[in-house]
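Engineer: Every position in the sequence shown, counted from 1, becomes a number in our numbering once 1 is added. Have a look at the structure that comes next, please.
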Amino acid sequence: MKKIITLSLLAGFVFASCGPKIYKSSEFDSALAKHKTVAILPADVTTKLRPNEAKKITAEQLADINQRTGYDIQDKMYSWFLRRAEKYAYTVTFQDVTRTNALLKQAGITYETLASKDRTELAQLLGVDAVLQNRSSMDKPMSEGAAIAVGVIFGAWGNTNSVQTTINIHDGKSGNLLWKYDYQASGSVGSSTDRLVNALMRNASKKFPYSVK
C-alpha cells in the first residue's frame with residue numbers, strides 16, 4: 002500500500018520536457034575567465050492566457066502576478082546557487098538579490114523598465130562583472146507569484162502549465178550575450194516557481210559555465 006501511495010505522489014511531480022538548447026558566444030571563454038561577481042536580475046515573466054481565462058483577470062492584475070513571479074524566480078535561483086556552492090564549486094560569487102533590487106530601485110529602474118536597460122549600464126550600476134536573468138513564458142500564472150488568489154479567480158484548473166524558460170548571461174563590459182540556455186517543460190513543474198527553478202537548474206547545472214564540478 003505504501004508503494005502505491007509513493008508512486009502516486011511521484012506521478013504528481015512528473016513533467017515532460019524538450020531537450021535544452023545552448024548558445025555560446027565566441028567571446029565566451031575569454032570573458033568568463035574575468036568574471037568574479039554576477040548579479041541575478043528579477044526574471045522577465047510573461048503569461049499567455051486563453052481568451053476565456055483572460056476575461057477573468059484585468060491587465061493590471063496579471064502584470065502584478067508576473068512581477069511577483071519574476072521576483073520569486075530571482076530569489077529561488079539565488080537560493081539554489083547558495084545551497085549548491087560547495088557541490089559545484091562556482092568560480093564566481095552571486096550578488097545578494099536584496100542588494101541587487103535595492104540598487105535598481107535607488108536608480109529608478111522598475112520591473113517594467115528593466116528589460117529595456119543596457120546590460121553594460123546595469124552591470125556598472127550593480128558593481129558586477131556580468132548579469133544573469135531568467136525569462137519565462139507560461140500558459141498560466143503560478144500561485145506563488147500571485148498578488149491575488151489565482152485559484153479563486155480561475156478555479157481548479159489543475160497543475161499543468163507549459164513553460165518556456167531561458168537563462169541568459171550578459172558580459173558586464175561589452176553587454177554582449179555570452180551564454181543562453183533554453184528549456185521547455187510542461188506538467189506539474191509549471192505549478193510553482195520552486196518546481197520550475199529546481200527543474201531548470203538541475204538540467205542547466207550540467208552545462209552551467211561557472212561550475213567546475
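The C-beta atom is built at its ideal place from N, Cα and C for all residues, glycine as well.
According to the Cβ coordinates, are His-36 and Val-93 closer than 7 Å?
Structural biologist: Their beta carbons are under 7 Å apart, which means His-36 touches Val-93 by this criterion.
Engineer: I'd like to know if Leu-50 contacts chain B, where contact means its C-beta is closer than 7 Å to some C-beta of that chain.
Structural biologist: Although the question refers to chain B, the structure presented lacks it and comprises just one protein chain.
Engineer: Give the DSSP-derived three-state secondary structure of Phe-82 in the structure shown.
Structural biologist: Phe-82 falls in the helix class under three-state DSSP.
Engineer: How about Leu-83 and Ala-108: are their beta carbons less than 7 Å apart?
Structural biologist: Against a cut-off of 7 Å, the Cβ pair of Ala-108 and Leu-83 comes out as no contact.
Engineer: Tell me whether Val-129 is buried or exposed, calling it buried when 16 or more other Cβ atoms sit within 10 Å of its Cβ.
Structural biologist: With 16 or more other Cβ atoms within 10 Å, it is buried.
Engineer: Within 8 Å, do at least three Cβ pairs link the stretch 175–190 to the stretch 40–59?
Structural biologist: The stretch 40–59 is not in contact with the stretch 175–190.
Engineer: Report the three-state DSSP secondary structure of Lys-37 (helix, strand or coil).
Structural biologist: It is coil, neither helix nor strand.
Engineer: Thinking C-alpha only, which one of Pro-21, Pro-142 and Val-39 is nearest Tyr-211?
Structural biologist: The shortest Cα separation from Tyr-211 among Pro-21, Pro-142 and Val-39 belongs to Val-39.
Engineer: Tell me, to the nearest whole angstrom, how far the beta carbon of Ile-168 is from that of Asn-199; I am working on the premise that it is less than 8 Å.
Structural biologist: With 8 Å as the limit, Ile-168 and Asn-199 do not qualify as a contact, their Cβ atoms being about 14 Å apart.
Engineer: Indicate whether Gly-176 and Asp-119 have their beta-carbon atoms separated by less than 7 Å.
Structural biologist: Result yes, Cβ atoms of Gly-176 and Asp-119 sit closer than 7 Å.
Engineer: Is Arg-84 near the ligand ADP, judged by its Cβ being under 6 Å from some heavy atom?
Structural biologist: In the structure shown, the ligand ADP is absent, as is every other ligand, since no ligand is present at all.
Engineer: Report yes if the C-beta distance between Tyr-112 and Pro-21 is below 7 Å; otherwise report no.
Structural biologist: Cβ atoms of Tyr-112 and Pro-21: not closer than 7 Å.
Engineer: Helix, strand or coil for Asn-204? Go by DSSP, reduced to three states.
Structural biologist: It is helical.
Engineer: Pull up the DSSP beta-bridge partners for Asp-97, would you.
Structural biologist: None; Asp-97 has no bridge partner.
Engineer: In three-state DSSP terms, what is Val-153?
Structural biologist: Confidence at Val-153 is low in this model, with a pLDDT of 48, below 50, so the placement of that residue is unreliable and no value is reported for it.
Engineer: With H, G and I counted as helix, E and B as strand and the rest as coil, what does DSSP make of Lys-22?
Structural biologist: Of the three classes helix, strand and coil, the one that applies to Lys-22 here is strand, per DSSP.
Engineer: Pick helix, strand or coil for Thr-48, following the three-state DSSP scheme.
Structural biologist: Three-state result, Thr-48: strand.
Engineer: Residue range of the alpha helix (DSSP H) that Leu-126 falls in?
Structural biologist: Where Leu-126 is concerned, the enclosing alpha helix (DSSP H) stretches over 120–127.
Engineer: So, is Ala-60 buried or exposed, given that buried needs 16 or more other C-beta atoms within 10 angstroms?
Structural biologist: Answer is exposed; the Cβ neighbour count stays below 16.
Engineer: According to DSSP, simplified to helix, strand and coil, what is Thr-167?
Structural biologist: Note: Thr-167 maps to strand in three-state DSSP.
Engineer: Return the residue from the list Thr-101, Ala-86, Lys-49 and Asn-204 that minimises the CA-CA distance to Ala-131.
Structural biologist: That would be Thr-101, whose Cα lies nearest to the Cα of Ala-131.
Engineer: Would Ile-41 pass as a contact of Val-98 if the rule is Cβ separation under 7 Å?
Structural biologist: Yes, Cβ-Cβ distance for Ile-41 and Val-98 is below 7 Å.
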